[in-house]
Amino acid sequence: MQQSASPLVGVVMGSSSDWETMKHAADILSEFGIAFEAKVVSAHRMPDEMFRYAEAAEGRGLRAIIAGAGGAAHLPGMLAAKTPVPVLGVPVASRHLQGVDSLHSIVQMPKGIPVATFAIGTAGAGNAALFAVAMLAAHDEGLRAKLAAYRVRQTEHANGMSKDLV
Ligand code: RP5
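Dropping the structure here:
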């Protein structure tokens, strides 16, 4: 995995146990050649570091933060409260409630501090990264072309699925 010295996207998570899910976001960013960093920044276990990360994000040039957490998943919302950089929240599947707790924790933000919230688990992580790509592509023609080509490949793949049916 590439960790960039000048990342445009931060991929952060509450625990290394979230990486299994969040690496799907990192994989997409790598595929599109987007400079990113991946870090554990726990809202509950390292709140001071989390605030410092959020406060420094804009100045460091981050254009989006993809934040994944499970259970009482306060990380995306608390980051969003401390930075103007758009936060894309990924609910990680939790052991006891399968991520419904994470989803509700992330999606139910009070009016005024938005977190764009994605699906529970790997689909959400991948889609959050694709959403970050789309945001960056608004000002990058090359990236727009890559995104269009990605969708064409996806359609071709889906078109080919019928041949595997009996
Ligand atoms: C959350 O608690 C993390 O985001 C993780 O999903 C969950 C469990 O963390 P570990 O106990 O596996 O470190 O803060």
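Numbering (numbering that gives the first Met the number 0), first residue to last: 0 to 165. Here a beta-carbon is modelled for each residue, glycine too, at the ideal position from N, C-alpha and C. In this text the structure is predicted, and so the values were computed from the model without any measurement.
Beta-carbon separation (whole angstroms), residue i vs residue j, contact threshold 8 angstroms
| i | j | result |
| --- | --- | --- |
| G88 | F117 | 7 angstroms |
| G76 | V114 | 6 angstroms |
| S15 | E36 | 15 angstroms between Cβ atoms; not a contact. |
| R62 | V84 | 7 angstroms |
Closer than 7 angstroms: residue i CB and nearest ligand 1 heavy atom
| i | result |
| --- | --- |
| H43 | yes |
| A80 | no |
| G76 | no |
| S16 | yes |
| S104 | no |
| M12 | yes |
| V99 | no |
| A37 | no |
| V165 | no |
| G69 | yes |
| V91 | yes |
| A127 | no |
| A157 | no |
| E72 | Note that residue 72 corresponds to Ala in the displayed sequence, not to Glu. It does: the Cβ of A72 is within 7 angstroms (strictly closer) of some heavy atom of ligand 1. |
Three-state secondary structure assigned by DSSP to residue i
| i | result |
| --- | --- |
| K22 | helix |
| M169 | With the chain represented from 0 up to 165, any question about residue 169 goes unanswered, as that position is not in the structure. |
| E127 | First, the amino acid is wrong: residue 127 is Ala here, not Glu. DSSP places A127 in helix when its eight states are reduced to three. |
| A133 | helix |
| I112 | coil |
| P90 | strand |
| A56 | helix |
| A118 | coil |
| A63 | strand |
Same chain, Cβ closer than 6 angstroms to residue i, five either side skipped, listed in chain order
| i | result |
| --- | --- |
| L96 | none |
| F50 | K81 |
| A53 | L78, K81 and T82 |
| S41 | G13 |
Residue i and residue j closer than 8 angstroms at C-beta
| i | j | result |
| --- | --- | --- |
| A25 | V10 | yes |
| A56 | I64 | yes |
| L146 | L7 | no |
| L74 | G123 | no |
| A148 | I112 | no |
| F31 | L142 | yes |
| I27 | G98 | no |
Sequence-distant residues of its chain with Cβ nearer than 7 angstroms to residue i (five each side left out)
| i | result |
| --- | --- |
| T121 | T20 and H23 |
| A127 | A24, I65, L87, V89 and F117 |
| W18 | M12 |
Close Cβ partners of residue i (< 8 angstroms) along its chain, the five nearest in sequence each way excluded
| i | result |
| --- | --- |
| S101 | A68, G69, G70, A72, P90, V91, A92, S93 and I119 |
| F60 | The sequence shown places Gly at residue 60, not Phe. Here the set comprises S5, P6 and L7. |
Contact test: residue i Cβ vs ligand 3 heavy atom, cutoff 7 angstroms
| i | result |
| --- | --- |
| M49 | Of the ligands this structure carries, namely ligand 1, none is ligand 3. |
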